[in-house]
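Enquirer: Next up is a structure, given as structure tokens.
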Amino acid sequence: MNHLLLLEDDAALIDGLRYSLPKNGFTLDVVSTVRDALKALNPGHPYDLLLLDVTLPDGSGFSVCERVRQAKDHTPILFLTASDEETSIIYGLDGGGDDYMTKPFRLGELCSRIRALLRRSSPAFDSNPPGASGLSSGPVFIDTLSGKVRVNGQAVELTGMEYRLLCLFVSRPGQLLSRSFLLDALWDGNGNFVDDNTLSVYIRRLREKVEADPSSPRRLVTVRGLGYRWEEKEEVL
Numbered sequence: 002m003n004h005l006l007l008l009e010d011d012a013a014l015i016d017g018l019r020y021s022l023p024k025n026g027f028t029l030d031v032v033s034t035v036r037d038a039l040k041a042l043n044p045g046h047p048y049d050l051l052l053l054d055v056t057l058p059d060g061s062g063f064s065v066c067e068r069v070r071q072a073k074d075h076t077p078i079l080f081l082t083a084s085d086e087e088t089s090i091i092y093g094l095d096g097g098g099d100d101y102m103t104k105p106f107r108l109g110e111l112c113s114r115i116r117a118l119l120r121r122s123s124p125a126f127d128s129n130p131p132g133a134s135g136l137s138s139g140p141v142f143i144d145t146l147s148g149k150v151r152v153n154g155q156a157v158e159l160t161g162m163e164y165r166l167l168c169l170f171v172s173r174p175g176q177l178l179s180r181s182f183l184l185d186a187l188w189d190g191n192g193n194f195v196d197d198n199t200l201s202v203y204i205r206r207l208r209e210k211v212e213a214d215p216s217s218p219r220r221l222v223t224v225r226g227l228g229y230r231w232e233e234k235e236e237v238l
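Following this note's numbering, the numbering of the sequence shown begins with 2 at its first residue and continues without gaps.
This is how it looks when you write it as structure tokens:
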């Protein structure tokens, strides 16, 4: 059973998830403040996924996410937010979050999102061609055995989602990848559970790490109205 940490201060929601999540195959610990969450998330913590409320008595789930990512901890993070404002969602994803849900939500959808994130964080998740031990494109090299990425020989830190997105592009150079294809590859089904803004955030963050000039990308290019294409280029970034 996967072990989850819930950071939430809504007593009714806590009671509902304490009852429902174990019935769906998850164990759950609950904290209601940022302070208690940070105590629980010590090095080597046992959690497979974090459910973080955004607005809390002593701060925000965003700050917990930032602390986790600063510690090079790639545990999947799903935000629970009462706000569907684009700025709030993008802020959370930019801080290293993997997904979000807007309250109120259906339990079935929450469980599907959790399972999808857990699958994508599993070493068995296959973003790469069978038997591949490395992918390269110009100055970009992906060691698919270790999950490490180098650009011009320098190590680049990517989140789990950024890494999978990069693998999808580099393994398909020159191919037009539609937004629907990328959503389907990175999320369940046809991307019905994810706002289109989410993909835009990850594309922008990935460009910031692999492009010399993210505002004028030469490698991860936009094909207006159709999707994106990874260009094979040999020049140094």
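Ideal placement from N, C-alpha and C gives every residue a C-beta, glycine not left out.
1. Contact defined as beta carbons within less than 8 Å: I believe PHE80 pairs with GLY98. What is the distance between those atoms, to the nearest angstrom?
2. With C-beta atoms as the reference, is ASP95 less than 8 Å away from ARG206?
3. Hey, could you find the ends of the beta strand (DSSP E) LEU8 is sitting in?
4. Let me know the secondary structure DSSP gives LYS73 once reduced to three states.
5. Return the first residue and the last residue of the alpha helix (DSSP H) that ALA13 is part of.
6. Which residue marks the beginning of the alpha helix (DSSP H) containing ASP197, and which one marks its end?
7. Does ASP185 come out as helix, strand or coil in the three-state DSSP assignment?
8. Rank ALA41, ILE78, LEU14 and ALA12 by C-alpha distance to the C-alpha of MET162 and give the top, closest one.
9. How would you write the range of the beta strand (DSSP E) that VAL152 sits in, first residue to last?
10. Use the C-beta contact count for TYR164: other C-beta atoms within 10 angstroms, 16 or more gives buried, fewer gives exposed.
11. Let me make sure I understand the geometry here. Which of ARG180, LYS210, ASP214 and ALA213 has the alpha-carbon closest to that of ASN198?
12. Would you kindly work out how many angstroms separate the C-alpha atoms of VAL152 and LEU50, rounded to a whole number?
13. Indicate, with yes or no, if the ligand GTP has a heavy atom lying under 7 Å from the CB of LEU81.
14. Excluding the 5 residues flanking LEU228 on each side, which residues of the same chain have their C-beta closer than 6 Å to its C-beta?
15. For LEU5, I'd like the list of residues in its chain whose CB is within less than 8 Å of its CB, leaving aside the five on either flank, ordered along the chain.
16. My output table needs one value for THR223: the three-state DSSP class, helix, strand or coil.
17. Name the two residues that bound the continuous alpha helix (DSSP H) containing GLY161.
18. Could you give the first and the last residue of the continuous alpha helix (DSSP H) run that contains ALA38?
Expert: Taking the structure as given:
1. Between GLY98 and PHE80 the Cβ distance is about 5 Å, and since that is below 8 Å, they are a contact.
2. In this structure, ARG206 lies closer than 8 Å to ASP95 by Cβ.
3. Counting along the chain, the beta strand (DSSP E) containing LEU8 begins and ends at 3 to 8.
4. LYS73: coil per DSSP, three-state reduction.
5. The continuous alpha helix (DSSP H) containing ALA13 extends over residues 12 to 24.
6. Its alpha helix (DSSP H) spans residues 197 to 211.
7. Helix at ASP185.
8. Among ALA41, ILE78, LEU14 and ALA12, the Cα nearest to that of MET162 belongs to ILE78.
9. Following the DSSP letters along the chain, one finds VAL152 inside the beta strand (DSSP E) bounded by residues 149 to 152.
10. The residue in question, TYR164, is buried, as its Cβ has 16 or more Cβ neighbours within 10 Å.
11. The shortest Cα separation from ASN198 among ARG180, LYS210, ASP214 and ALA213 belongs to ARG180.
12. Going by C-alpha positions, VAL152 is about 29 Å away from LEU50.
13. The ligand content of the structure shown is nil, which means the ligand GTP is not present either.
14. Here residue 228 is Gly; the residue named in the question, Leu, does not match the sequence. Correct list, in chain order: LEU177, LEU178, SER179 and ARG180.
15. Counting only Cβ-Cβ distances below 8 Å, and skipping sequence neighbours, we find LEU22, PHE27, THR28, LEU29, ASP30, TYR48, ASP49, LEU50, LEU51, LEU52 and ILE115.
16. THR223: strand per DSSP, three-state reduction.
17. GLY161: member of the alpha helix (DSSP H) spanning 161 to 171, first to last residue.
18. Run containing ALA38: 35 to 41, per the alpha helix (DSSP H) assignment.
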